[in-house]
Amino acid sequence: MPWLLLFIAGLLEVGWAIGLKYTEGFTRLWPTVWTVTALVASFVLLGVAMRSLPVGTAYAVWVGIGAVGTAILGIFLFGDSAAPLRIASLGLVCLGIIGLKLAHG
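Next up, the structure:
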């Protein structure tokens, strides 16, 4: 269960990171409400997952999911670069996340 909560927390991190773009500096009400809600929920789920997962592992996986998810959505939503080196680098982050999960057991 803690891994599922951590995964959901990571997805919510993607949501609030992308949401920041839509808030336009926190000047738009509903994107700001969504962003702050996703941020709080993400932190709460991360904290709950950390009850039984090592802090370093949980935090690294949470950040990794957020970074990879945000970068991928940035490509599709905002036309960010999809250069081969960038995609390969995201793949390496994914391998790191998998490695952390496997190392934990």
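Note that my numbering has the sequence shown beginning at 3, numbered continuously upward. Glycine included, each C-beta is placed from N, C-alpha and C at the ideal position.
Beta-carbon spacing of residue i, residue j below 8 Å
i: Ala51; j: Pro4; result: yes
i: Gly98; j: Gly12; result: no
i: Val70; j: Val95; result: yes
Between the CA atoms of residue j and residue i - distance to the nearest angstrom
i: Gly17; j: Pro33; result: 11 Å
i: Ala73; j: Val63; result: 15 Å
Closest Cα partner of residue i within the set the options
i: Leu8; options: Ser91, Ala73, Val57, Ala90; result: Val57
i: Val2; options: Leu14, Thr72, Phe80, Leu94; result: Examination of residue 2 is not possible in this model, given that the chain is present from 3 through 107 alone.
i: Leu6; options: Ser44, Arg30, Ala84, Arg88; result: Ser44
Exposure label - residue i; buried when at least 16 CB within 10 Å
i: Ala90; result: exposed
i: Leu48; result: buried
Cβ neighbours of residue i in the same chain (closer than 7 Å, five flanking residues each side left out)
i: Gly21; result: Pro33, Trp36, Thr37, Ala40
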